[in-house]
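**Q** One line per chain: the protein sequences are A and B, in this order. Read in order, the letters of the first sequence are residues 1 to 69 in our numbering. Read in order, the letters of the second sequence are residues 1001 to 1152 in our numbering. Think of the CB as a built atom: it goes at the ideal place given N, C-alpha and C, for glycine as much as any other residue. Pasting a structure below so you can have a look.
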Amino acid sequence: MLVLTRKLHQSIVIGDQIEVVVLEVRGEQVRLGIKAPKDVTVHRKEIYEQIQDENKSSANVRLEDIPEP
Amino acid sequence: MTLSNTRFGDIEFSADDVITFTEGIIGFPNYSQYLLLNHKPNTPFRWLQSVEDANLAFLVAFADLIVPGYAPEVDNGVTRELALSDETPTMVLTTVSIPAGKPQEMTTNLLGPIIINGATMQAKQVILSDDAYTVKHRVFATTERVAEKVAA
């Protein structure tokens, strides 16, 4: 993993088209701004993982637990 | 074509029935082809059955039928990717989880709906940026609260 130290309002550039800026640092919270092309999807990792878990759990539903019409 | 040995037995299907998720479903990037099975007719529930893995099927529902008023706004990138227009027959499905033996605790993932272009059969699982939606929306929450009140 590449580790870089940045100060407030400084940024990093990934490739030609992606820029991540440190917008605010408040205690343990860091606000980041991300500039990226529309086809690059950016998500909080925990949301992504939660959706992955829901997908897995929907694949494990037992047929008999589905309500009747 | 026949897909053998699924949870639902052998399934006959044609190429037109196949829904293609170019990027797969989140957590399952290696599978892109699915069938939508109407296993329990007259319910809002369907199974998204993988064509590539007979053992893989996700329980999904027509979200607006189990959560009235659910109408997620997808961003322009998704609209473009799936070539959606006002005339496109679009299906919005959400995955459904039911803890074993507890159908009343059913939840559905309103934050990560599956959008299908019914004309091209191209589909994508989208992550919404709307904080109003959760991944574990209780489907029977309201009814249950009323029932508890009656019982009390």
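1. Taking 8 Å as the CB-CB limit, is R1007 of chain B close to chain A?
2. What residues from chain A crowd round G1027 of chain B, counting only those whose CB sits closer than 7 Å?
3. Does L23 of chain A have its Cβ less than 8 Å from a Cβ in chain B?
4. Are there three or more Cβ pairs, one per stretch, closer than 8 Å when the stretch 1005 to 1012 of chain B is compared with the stretch 1101 to 1119 of chain B?
5. State buried or exposed for K45 of chain A, treating a residue as buried only when at least 16 other CB atoms are found within 10 Å of its CB.
6. In chain order, what residues of the same chain have a beta carbon less than 8 Å from the beta carbon of R6 of chain A, not counting five sequence neighbours either side?
7. Should the stretch 1069 to 1084 of chain B be regarded as contacting the stretch 1030 to 1040 of chain B, the criterion being three or more beta carbon pairs within less than 8 Å?
8. Can you list the residues of chain B that K38 of chain A reaches, using a CB-CB cut of under 9 Å?
9. DSSP on A1132 of chain B, reduced to helix/strand/coil?
10. Using three-state DSSP, classify E68 of chain A as helix, strand or coil.
11. Could you tell me whether any Cβ in chain B is nearer than 8 Å to the Cβ of I34 of chain A?
12. For Y1034 of chain B, which residues does DSSP report across the bridge?
13. Can you give me the start and stop residues for the beta strand (DSSP E) that A1057 of chain B sits inside?
14. Between which residues of its own chain and E1052 of chain B is the CB-CB distance below 7 Å, once the five residues before and five after are set aside?
15. Pick out whichever of B:M1001, B:K1040, B:G1024 and B:I1114 has its Cα sitting closest to the Cα of V1074 of chain B.
16. On the CB-based measure, 16 or more other CB atoms within 10 Å of its CB, does I51 of chain A come out buried or exposed?
17. Please confirm whether L1111 of chain B and I47 of chain A have their CB atoms less than 8 Å apart.
**A** Inspection of the coordinates gives the following:
1. Your numbering for residue 1007 of chain B matches position 7 in the second sequence. Chain A, which has a Cβ nearer than 8 Å to the Cβ of R1007 of chain B, makes this yes.
2. Here residue 1027 of chain B refers to the residue found at position 27 when the second sequence is read from its first residue. Those are Q52, N55 and K56, listed as they occur along chain A.
3. Stepping through the first sequence from its first residue, residue 23 of chain A is reached at position 23. L23 of chain A does not count as touching chain B.
4. no
5. For the purposes of this step, residue 45 of chain A is taken as the residue at position 45 of the first sequence. That one is exposed.
6. Counted from its first residue, the first sequence places residue 6 of chain A at position 6. Annotation for R6 of chain A: I12 and V22 place their beta carbon closer than 8 Å to its own, counting only its chain and skipping 5 residues before and after.
7. no
8. Within the first sequence, residue 38 of chain A is the residue found at index 38, counting from 1. Within 9 Å Cβ-Cβ: D1075, N1076, G1077 and R1080.
9. Taking the second sequence and counting its residues from 1, the one referred to as residue 1132 of chain B is at position 132. Coil.
10. Taking the first residue of the first sequence as position 1, residue 68 of chain A is located at position 68. Note: E68 of chain A maps to coil in three-state DSSP.
11. On the first sequence, position 34 is the one that residue 34 of chain A refers to. So no, I34 of chain A is outside the interface.
12. If you number the second sequence from 1, residue 1034 of chain B lands on position 34. In the DSSP output, where bridge partners are listed per residue, Y1034 of chain B has B:I1019 and B:S1050.
13. Taking the second sequence and counting its residues from 1, one reaches residue 1057 of chain B at position 57. That run of the beta strand (DSSP E) goes A1057 to F1062.
14. Sequence index remark: in the second sequence, residue 1052 of chain B carries index 52 (1-based). Hits under 7 Å: Y1031 and Q1033.
15. For this step, residue 1074 of chain B is matched to residue 74 along the second sequence. Closest option to V1074 of chain B, Cα to Cα, is B:I1114.
16. Counted from its first residue, the first sequence places residue 51 of chain A at position 51. It counts as buried.
17. In the second sequence, counting from the first residue as 1, residue 1111 of chain B sits at position 111. In the first sequence, counting from the first residue as 1, residue 47 of chain A sits at position 47. Contact: yes.
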